[in-house]
Amino acid sequence: MNDNRNRRIEPTGQGRPGSSQSRPPDSRPPIRRARRRSFVGPTIAALVMTVLVIVAVVVLVMLITERAKLPSGIDSETDLSPESIDTSEVTSLPETSVETEVQTETSVVTEQETDPDTETPAASITGYKTVSLEKQELHKGDLILINYQYEYVFPEKKNTVNIYANKNSSYLLSSSQLELEPRTLDALNAMMLAFHSESGSGDVIVKNAYRSLEEQKSLYDARVSAYGEENANKYLAQPGHSEHHTGMCFDLGIYKEDGKLYELDGVAGYADWFKDNCGKYGFVLRFPENKAAITGITSDRWHFRYVGQVHAETMNELGLCLEEYIDELRKYPYSGDHLLVTTSSGKKYEIYYQYASDAGKTEVYVPENLPYTISGDNALGFIVTVSLSE
Ligand SMILES: [Zn+2]
45 MNDNRNRRIE PTGQGRPGSS QSRPPDSRPP IRRARRRSFV GPTIAALVMT VLVIVAVVVL
105 VMLITERAKL PSGIDSETDL SPESIDTSEV TSLPETSVET EVQTETSVVT EQETDPDTET
165 PAASITGYKT VSLEKQELHK GDLILINYQY EYVFPEKKNT VNIYANKNSS YLLSSSQLEL
225 EPRTLDALNA MMLAFHSESG SGDVIVKNAY RSLEEQKSLY DARVSAYGEE NANKYLAQPG
285 HSEHHTGMCF DLGIYKEDGK LYELDGVAGY ADWFKDNCGK YGFVLRFPEN KAAITGITSD
345 RWHFRYVGQV HAETMNELGL CLEEYIDELR KYPYSGDHLL VTTSSGKKYE IYYQYASDAG
405 KTEVYVPENL PYTISGDNAL GFIVTVSLSE
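Right, dumping it as structure tokens:
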């Protein structure tokens, strides 16, 4: 038996004279090589099999855990249905990157990589001119602050539109009468379409949107008569101090097929998606639980406010609520360093703040060569946001 093995192995071991495959004679007895081969082969096979089995089990466990976390109808990102539209844009965008104009890092600023493919070349401001703004402009814009301290100043002409007449079919409404400010509605439509595409769920419901002064007043008065003033103040903004007056916010819930209404965080998978993705569409969760001491609102985990993508992503990046963000922007005056921000879609912006003058109009400095927007903060001044990418 051993002799047979020797003979079979020998030709390859010794090589053929003149052959390119020839190698020096092996000093070890051929029998050992034969044994070693027959031993090593099965061992590697067994190892490979073991590794494959372990990998398969781990993948299986991960899949099961991932599915268990999601509500029915919501698939994980890796398991999107083929008809899902354009999820790549939503799922693969890089994080916002924030940096100051001077390249030194500051304590509040974090810097993250932006995908160079999505970055657009940045222009720079070549010079400034001024625009003259009336005092009432302080109460208009994406960044107006409405809270217990700062009252909303209603515009002369109502600036909201009916949602039902302008919505897509990817979400529900609690009433066909709900209204929103037009750009907020556009952003809501875009966000809900993305959620529907990714999750397959069409059961998110807009519960509240624009509220007139009268509506807030009757809600508030009803609460006062039922539970007393202290309770009402805990759960409802005083008439005039509700962000819902702006038409730039809404409350989301979940309306399941069983006819039950759930809070947005009442079914797994929903609240996390909106928390992670709302910034791309210009929204912030206005009242995070850890900011209750600043906002004065304890628990409102379904209330989204429109501030525009660049500000929403920057607020999320810096971990600031609107009150803190406005304070932060005041550190970037026109005459000092400006805040430079890159959005997740690669667009660059330059942001600075200018206090309103006490008397009459304010001359606000704006770039002479680039597009910009101005927002009042409803308190002390104006925020200029310059687009460097167009
Ligand atoms: Zn709300």
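Residue 45 is where the sequence shown starts when you use this note's numbering, and the numbers rise one by one after that. Don't be surprised by glycine CBs; every beta carbon is placed ideally from N, CA and C. In this text the structure is predicted, and so the values were computed from the model without any measurement.
Original post:
Do S214 and M236 have their CB atoms nearer than 7 Å?
Top reply: yes
**OP:** Return helix, strand or coil for F198, following the three-state DSSP convention.
**Re:** coil
Original post:
Along the chain, where does the alpha helix (DSSP H) that runs through E273 open and close?
Top reply: E273 to Y279
**OP:** On a CA-only basis, which of I418, K375 and K211 is nearest D186? Give me that one, please.
**Re:** I418
**OP:** Taking 7 Å as the cut-off, decide whether the C-beta atoms of Q353 and Y378 are in contact.
**Re:** No, they are not a contact pair.
**OP:** Give the secondary structure of H382 by DSSP, where H, G and I count as helix, E and B as strand, and everything else as coil.
**Re:** coil
**OP:** Measure the alpha-carbon distance for D421 versus L373 and round it to whole angstroms.
**Re:** 10 Å
Original post:
Which residue spans inside the segment 298–352 form an unbroken alpha helix (DSSP H) run of at least 4?
Top reply: 314–321 and 336–339
Original post:
Going by the CB atoms, is the gap between L432 and K392 shorter than 7 Å?
Top reply: yes
Original post:
CA-CA distance, I190 and G303?
Top reply: 34 Å
Original post:
Are the beta-carbon atoms belonging to Y208 and D247 less than 7 Å from one another?
Top reply: No, Cβ-Cβ distance for Y208 and D247 is not below 7 Å.
**OP:** Label L305 either buried or exposed according to how many other C-beta atoms from any shown protein chain fall within 10 Å of its C-beta, with 16 as the threshold for buried.
**Re:** Per the 10 Å Cβ criterion, exposed.
Subject >> Where the alpha helix (DSSP H) through E287 begins and ends >> reply: Where E287 is concerned, there is no enclosing alpha helix (DSSP H), given that its DSSP letter is neither H nor E.
Original post:
Along the chain, where does the beta strand (DSSP E) that runs through Y172 open and close?
Top reply: Y172 to L177
Original post:
Three-state secondary structure (DSSP) at E259?
Top reply: helix
Original post:
From the DSSP output, which residues share a beta bridge with F239?
Top reply: According to DSSP, F239 bridges with nothing at all.
**OP:** Would you mind giving the Cβ-Cβ distance between K405 and L177, rounded to the nearest angstrom? I have them listed as a contact below 8 Å.
**Re:** 6 Å
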